[in-house]
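Converting from the sequence shown to my numbering requires adding 505 to each position, the first position being numbered 1.
In this text, a Cβ means the ideal position worked out from N, Cα and C, and glycines have one as well.
None of these values were measured; they are calculated from a predicted model.
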Amino acid sequence: MSGFASVAYHCRECGYTCDVQTHPVLVFRCHAGPQCNGAPFTLIKTQPHGADKSALFPIELIRQRPANLWRYREAIPIMDASDATIVSLGEGMTPLVLDKAASTPLPTPTDDDGEHGTARPKHYYKLDHLMPTGSYKDRGASVLVSKLNELGVKAVVEDSSGNAGSAIAAYAARAGQMECTILCPASTSVGKLAQIQMYRAHLQLVNGTRADTTTAVFGAAANTVYASHNWNPFFMEGGKTVAFEIVEQLGWQAPSHVVCPVGFGSIFLALHLGFSELLAAGVIATMPRLHGVQSTSCAPLLTSIQLANGNNGDTSGTTEPSVAQFSDAPAIASESCRVVPLDAAAPTLAEGITATNPMRGKDILRVVAATRGSLVSVTDAQIEAGLQALGAQGLFVEPTSAVVVHAYRQLVSVGVIRSNETV
């Protein structure tokens, strides 16, 4: 069962708080205060009186459980964790594989003794593309659909450029008696649309941009529960289990760094949530530095840091990635920080991280600052090179995932990642 006694939605902008079990299921963002402007909710999770945070991670019990994300059930805020409530396809505990080139020297600026470094950091890939529907979004879908199942929801709607739609459709089908409608941009790849339809979801194509699809789903959400991978915080509660798994697979040790694609930021923020909970429980001793990667065709977060630092924020047309570190703009950690949205995004191979105005953008910038992280942008040519490099190691991933390859090399080359660290 869950290790939490109660769970409440909370708005950081106005302070609104309401128990999840009594909150209206159709209301997915806050309008309680004039400053909210539809702000996304976070969760306040309360343990039983007197319970220690370490109770959320009973390591000896975890080791004995099946190799899926529900092995961490005490840390997942589903109040009824019975088989009748939990919706699962065996997701989780995906491989963590060492980079094949890890023994090959990679030039770094200097070692601690001031000499030019050539050692390569210990560098792993987390293979979440081996999930049941092919992406990490199965983590969030399993927990979110389980929560909606617990609340008695019988119909959901979601908007997606592909992966999240497939995940929500699959888990709604797995739940049984849960009708699912997925709205996708008309430009979505045929393969992703076919996968959504295979799960018997109702598919609606929307002409225009990805933002137009979001606008359309807001209308549908007036009458149907919005099972959003970006707005609903329970999706992030599933995503955080990737941090739990990484730490367990490293022998209950935290990595020094994590490099991750970031668009709307659901997995980036979920990683921070997971590592934060492990740190608070005393499972790990240090917080990893989190680095987000965007395409040069759509990099509003990186641009926001550059503008805060007095640069013009123009990353378009570059042949080398841009790197903005937490120290470049300390103001991003303040309450006054803001994300500068883009009017439109240029075409890019990394369609999965095309987000011109991420609704949790301020939270992403705060995490970059809090973890002493960075934001990096990469070009389509560098993404293609990353795909080829991964393919040469037997890894077949989509372009959005491949953005991390060149970003990692750039972070090493500028000295952010050091030769004695784990990534």
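Exercise. Among the residues of its own chain, which have a CB less than 6 angstroms from the CB of D617, if the five just before and after it don't count?
Worked result: One-based indexing of the sequence shown puts residue 617 at position 112. Here D617 scores only 49 on pLDDT, less than 50, and its place in the model is too uncertain to base an answer on.
Exercise. Which runs of the alpha helix (DSSP H) spanning at least 4 residues fall entirely within the stretch 835–875, listed in chain order?
Worked result: Along the length of the stretch 835–875, whole alpha helix (DSSP H) runs at least 4 residues long occupy 866–875, reported in chain order.
Exercise. Given F479, which residues of its chain have a CB within under 6 angstroms of its CB, disregarding the five upstream and five downstream residues?
Worked result: No information on residue 479 is available, as it lies outside the stretch 506 to 928 that the chain covers here.
Exercise. Roughly how many angstroms lie between the CA atoms of F509 and V763, to the nearest whole one?
Worked result: Within the sequence shown, residue 509 is the residue found at index 4, counting from 1. Within the sequence shown, residue 763 is the residue found at index 258, counting from 1. Looking at the two C-alpha atoms, the distance is approximately 28 angstroms.
Exercise. With 16 as the cutoff for other CB atoms within 10 Å, does D557 come out buried or exposed?
Worked result: Within the sequence shown, residue 557 is the residue found at index 52, counting from 1. It counts as exposed.
Problem set entry | Residue from E663, I591 and L784 whose Cα sits closest to the Cα of V752 | Position 247 of the sequence shown holds residue 752. By alpha-carbon distance to V752, the top candidate from E663, I591 and L784 is L784.
For this session: Measure how close the beta-carbons of R863 and V844 come, nearest whole angstrom, since I'm counting them as under 8 angstroms.
Result: In the sequence shown, the residue the question calls residue 863 occupies position 358. In the sequence shown, the residue the question calls residue 844 occupies position 339. In the sequence on display, residue 863 carries Pro and not Arg. So it is a contact: roughly 7 angstroms between Cβ atoms.
Problem set entry | Sequence ranges, beta strand (DSSP E) only - wholly within the stretch 698–762, length at least 3 | Listed in chain order, they are 707–711.
Exercise. Does the Cβ of A790 have 16 or more other Cβ atoms within 10 Å, making it buried, or fewer, making it exposed?
Worked result: Reading the sequence shown from its first residue, position 285 is the one you call residue 790. Per the 10 Å Cβ criterion, exposed.
For this session: Entirely within the stretch 638–670 and at least 4 residues each: give me those alpha helix (DSSP H) ranges in chain order.
Result: Correct list: 642–655.
For this session: Check whether the stretch 910–928 touches the stretch 881–895, taking contact to mean three or more Cβ pairs, one atom from each stretch, closer than 8 angstroms.
Result: Yes: at least three Cβ pairs fall under 8 angstroms.
Exercise. Which residues share a DSSP beta bridge with T686?
Worked result: Within the sequence shown, residue 686 is the residue found at index 181, counting from 1. T686 is bridged to V662 and H707.
Problem set entry | Proximity below 8 angstroms, CB of S651 to CB of T590 | Here the question's residue 651 lines up with position 146 in the sequence shown. Here the question's residue 590 lines up with position 85 in the sequence shown. In contact: S651 and T590 (Cβ atoms closer than 8 angstroms).
Exercise. If we count the other Cβ atoms within 10 Å of its Cβ and call it buried at 16 or more, is T719 buried or exposed?
Worked result: Taking the sequence shown and counting its residues from 1, one reaches residue 719 at position 214. It is buried - the Cβ of T719 has at least 16 other Cβ atoms within 10 Å.
For this session: Report yes or no: do three or more beta-carbon pairs, one from the stretch 596–603 and one from the stretch 637–646, lie closer than 8 angstroms?
Result: Yes, they touch.
Problem set entry | Backbone CA spacing between G670 and V919 [nearest angstrom] | Counting from 1 along the sequence shown, the entry for residue 670 is found at position 165. Counting from 1 along the sequence shown, the entry for residue 919 is found at position 414. Approximately 37 angstroms, taken between the alpha carbons.
Problem set entry | R914: first and last residue of the uninterrupted beta strand (DSSP E) it sits in | Here residue 914 is taken as the residue at index 409 of the sequence shown, counted from 1. Run containing R914: none in the beta strand (DSSP E); it sits in the alpha helix (DSSP H), P904 to S918.
For this session: Please state whether DSSP places A556 in a helix, a strand or coil.
Result: Position 51 of the sequence shown, counted from the first residue, corresponds to residue 556. Note: A556 maps to coil in three-state DSSP.
Problem set entry | Limits of the unbroken beta strand (DSSP E) element including I591 | Against the sequence shown, residue 591 aligns to sequence position 86. Per DSSP, I591 lies in no beta strand (DSSP E) segment and is marked neither H nor E.
Problem set entry | Delimiting residues of the beta strand (DSSP E) encompassing V524 | Here residue 524 refers to the residue found at position 19 of the sequence shown. The sequence given here places Asp at residue 524; Val does not occur at that position. Taken as a continuous stretch (DSSP letters only), the beta strand (DSSP E) holding D524 covers T522 to D524.
For this session: Tell me, to the nearest whole angstrom, how far the beta carbon of A706 is from that of T729; I am working on the premise that it is less than 8 angstroms.
Result: Within the sequence shown, residue 706 is the residue found at index 201, counting from 1. Within the sequence shown, residue 729 is the residue found at index 224, counting from 1. Rounded to whole angstroms, the Cβ separation of A706 and T729 is 13 angstroms, and the two are not in contact under 8 angstroms.
For this session: Classify V695 as buried or exposed, calling it buried when 16 or more other Cβ atoms lie within 10 Å of its own Cβ.
Result: Numbered from its first residue, the sequence shown carries residue 695 at position 190. Exposed is the label assigned to V695, since fewer than 16 other Cβ atoms lie within 10 Å of its Cβ.
Exercise. Which residue's Cα is closest to the Cα of A727: V532, G779 and P738?
Worked result: Numbered from its first residue, the sequence shown carries residue 727 at position 222. Closest option to A727, Cα to Cα, is V532.
Problem set entry | Cut-off 6 angstroms between Cβ atoms - residues of its own chain near D633, not counting five sequence neighbours on either side | Numbered from its first residue, the sequence shown carries residue 633 at position 128. Cβ neighbours of D633 beyond the five flanking positions: T599 and Y641.
Exercise. Under a three-way DSSP split, which group does I772 fall into?
Worked result: Position 267 of the sequence shown, counting from 1, holds the residue named residue 772. In the three-state reduction of the DSSP assignment, I772 falls in the helix class, which pools H, G and I.
For this session: Determine the DSSP secondary structure at R570, reduced to helix, strand or coil.
Result: Position 65 of the sequence shown, counted from the first residue, corresponds to residue 570. It is coil, neither helix nor strand.
Exercise. Where do the ends of the beta strand (DSSP E) carrying G797 lie?
Worked result: To locate residue 797, count along the sequence shown from 1; it is residue 292. In the DSSP annotation of this structure, the continuous segment of the beta strand (DSSP E) that includes G797 starts and ends at R794 to S800.
Exercise. Across which residues does DSSP place L548 in a beta bridge pair?
Worked result: Counting from one through the sequence shown, the residue named residue 548 turns up at place 43. Beta-bridge analysis with DSSP links L548 to Y514.
Exercise. Beta carbon of P582, beta carbon of V512: below 8 angstroms?
Worked result: To locate residue 582, count along the sequence shown from 1; it is residue 77. To locate residue 512, count along the sequence shown from 1; it is residue 7. Result yes, Cβ atoms of P582 and V512 sit closer than 8 angstroms.
Problem set entry | Presumed contact (8 angstroms Cβ cut-off) between F773 and I869, rounded CB distance | Looking up residue 773 in the sequence shown gives position 268. Looking up residue 869 in the sequence shown gives position 364. Right, their Cβ atoms sit about 6 angstroms apart.
For this session: Could you tell me the distance, in whole angstroms, from the CA atom of I924 to the CA atom of K627?
Result: For this step, residue 924 is matched to residue 419 along the sequence shown. For this step, residue 627 is matched to residue 122 along the sequence shown. One point to set straight first is that residue 924 is Ser, not Ile, in the sequence displayed. Each residue's Cα considered, the two are about 8 angstroms apart.
Problem set entry | Start and end residues, beta strand (DSSP E) containing S882 | In the sequence shown, counting from the first residue as 1, residue 882 sits at position 377. Segment S879 to V883, the beta strand (DSSP E) holding S882.
Problem set entry | Simplified DSSP assignment, three categories, for T791 | The residue you call residue 791 lines up with position 286 of the sequence shown. DSSP places T791 in coil when its eight states are reduced to three.
For this session: Counting only the same chain and skipping the five closest in sequence on each side, list residues whose C-beta sits under 7 angstroms from that of Q754.
Result: The residue given as residue 754 occupies position 249 in the sequence shown. Correct list, in chain order: L601.
Exercise. Do you know how far the Cα of E565 is from the Cα of T693?
Worked result: Locating residue 693 in the sequence shown gives position 188, where the first residue counts as 1. Locating residue 565 in the sequence shown gives position 60, where the first residue counts as 1. Their Cα atoms are separated by approximately 44 angstroms.
For this session: Please report how far the alpha carbon of V662 lies from the alpha carbon of A716, in whole angstroms.
Result: Locating residue 662 in the sequence shown gives position 157, counting from the first residue. Locating residue 716 in the sequence shown gives position 211, counting from the first residue. Answer to the nearest angstrom: the Cα atoms are 16 angstroms apart.
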